[in-house]
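What follows is a set of notes on a single structure, which appears directly below.
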Amino acid sequence: MPDASGPSNDVRHERPEIVVLGAIPEPGLEVLRGAGDTWCLTPGVSAGELRERLASADAVVSLITDVIDDAFLDTAPRLRIVANVAVGYNNIDVDACRSRGIVVTNTPGVLTEATADLAMGLVLMVTRRLGEGERLIRSGTPWSWGMFMMLGTGLQGRRLGIVGMGDIGQALARRAAAFGMEIVYHNRNRVDPTVEASLDATWLELDELLATSDVVSLNCPYSPATHHLVDAAALETMRSSAFLVNTARGPIVDEAALAAALRDGTIAGAALDVFEHEPDVHPDLLGLDNVVLVPHLGSATVETRNAMAALAARNVVAVLDGDDAITPVG
Ligand code: GLV
Numbered sequence: 020m021p022d023a024s025g026p027s028n029d030v031r032h033e034r035p036e037i038v039v040l041g042a043i044p045e046p047g048l049e050v051l052r053g054a055g056d057t058w059c060l061t062p063g064v065s066a067g068e069l070r071e072r073l074a075s076a077d078a079v080v081s082l083i084t085d086v087i088d089d090a091f092l093d094t095a096p097r098l099r100i101v102a103n104v105a106v107g108y109n110n111i112d113v114d115a116c117r118s119r120g121i122v123v124t125n126t127p128g129v130l131t132e133a134t135a136d137l138a139m140g141l142v143l144m145v146t147r148r149l150g151e152g153e154r155l156i157r158s159g160t161p162w163s164w165g166m167f168m169m170l171g172t173g174l175q176g177r178r179l180g181i182v183g184m185g186d187i188g189q190a191l192a193r194r195a196a197a198f199g200m201e202i203v204y205h206n207r208n209r210v211d212p213t214v215e216a217s218l219d220a221t222w223l224e225l226d227e228l229l230a231t232s233d234v235v236s237l238n239c240p241y242s243p244a245t246h247h248l249v250d251a252a253a254l255e256t257m258r259s260s261a262f263l264v265n266t267a268r269g270p271i272v273d274e275a276a277l278a279a280a281l282r283d284g285t286i287a288g289a290a291l292d293v294f295e296h297e298p299d300v301h302p303d304l305l306g307l308d309n310v311v312l313v314p315h316l317g318s319a320t321v322e323t324r325n326a327m328a329a330l331a332a333r334n335v336v337a338v339l340d341g342d343d344a345i346t347p348v349g
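Converting from the sequence shown to this note's numbering requires adding 19 to each position, the first position being numbered 1.
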């Protein structure tokens, strides 16, 4: 008879094993190395080695390009935490994790300002035709200053409609107010009245926001409820002089419908940091001058990415230590 107190097949390694599913900044890795044996997936690693690492992993650090679903979780039976290095976590099946007792965390807060900066930058780019101007100069097209050359739309007194008034939406509202914009917003729940008052922001039904805003900015999470929230009908609701800015998630917008709306003048312009089938961009958008296209750069500053990695790592440490996660989702 085997001794019940003796070693079993389920012997735990002395140090927890942590798998990082891609390159992350050093401040995150440093924290993880202090917490356990940390292995980072690098290009060229064989599927076999990854499988082996996951089979004994206690923690996984994931990026938004990693799909964490039941099939993935089957490969990692010892997992206690999935720490996503992002505020959005639509790449993770949170229910599947929960049913296996796996904690899921994200990185809210630390990327708020960087993402709001980018959203404001896109508002300026699209309303002042900056991408178009840059392309003109780079193409070598002859030009000289002209009274009517490449006129844009000013922001003073214009209405910004923010869809999703979380941290990033609020940070964008503060920036836009400094540009003289009037702020309206739509959110499932109205934000705290003191926050509403401090932002001088008015809650509107989505249809009214779309119909009356000069610029519509998407700052809501992606979920089945927000899939194609901006579709052909929503675009029809918008003013023909209005602009759409998306720094949230691509599939919130029906990209084919958007391309058609931009081509047909249903709306005046759009600026996109995120795409429906990332990294692919709808081919019809590529030839249009009234759309700004940037490659998912919302949180892409050195400081922010360092802070995101560090927060994800601290979540791993907390859960492996048996403490509550710092920023759990759900
Ligand atoms: C980036 O898209 C994020 O969700 O952090």
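Just so you know, even glycine gets a beta-carbon here, dropped at the ideal spot from N, CA and C.
As the structure is a prediction and not an experimental result, all values here were calculated from the model.
Assuming contact is defined by CB atoms lying nearer than 8 angstroms, are F294 and G269 in contact in what I supplied?
yes
According to DSSP, is P302 helix, strand or coil?
Under the three-state reduction of DSSP output, P302 falls in the helix class.
Beta-carbon within less than 7 angstroms of M169's beta-carbon, same chain only, minus the 5 sequence neighbours each way: which residues are those?
Within its own chain, the residues whose Cβ lies closer than 7 angstroms to the Cβ of M169, once the five positions on either side in sequence are excluded, are R148, E151, G152, listed in chain order.
Taking 7 angstroms as the cut-off, is the CB of H247 close to at least one heavy atom of the ligand GLV?
no
Helix, strand or coil: which one does DSSP assign to G41?
coil
Less than 7 angstroms between the CB of L130 and some heavy atom of the ligand GLV, yes or no?
yes
Paired residues, beta bridge with W58 - DSSP:
V38
Uninterrupted beta strand (DSSP E) stretches inside the stretch 260-319 (no shorter than 3 residues):
262-265, 288-291, 310-312
Can you give the Cα-Cα distance for T124 and A76, rounded to whole angstroms?
16 angstroms
Measuring alpha carbon to alpha carbon, tell me which residue in L339, A344, L330, T346 is nearest P44.
L330
Hey, would you say the C-beta of A328 is under 7 angstroms away from at least one heavy atom of the ligand GLV?
no
Can you name, in chain order, every residue of its own chain whose Cβ lies under 7 angstroms from the Cβ of G349, other than the five neighbours on each side?
V113, R117, V123
Would A289 pass as a contact of V310 if the rule is Cβ separation under 8 angstroms?
yes
In terms of residue numbering, what span does the beta strand (DSSP E) encompassing E201 cover?
201-205
R178, DSSP secondary structure in three states
strand
Length-filtered (3 minimum) beta strand (DSSP E) runs lying within the stretch 99-149:
100-103, 122-124
Whole angstroms are fine: how far does the CA of D85 sit from the CA of E68?
17 angstroms
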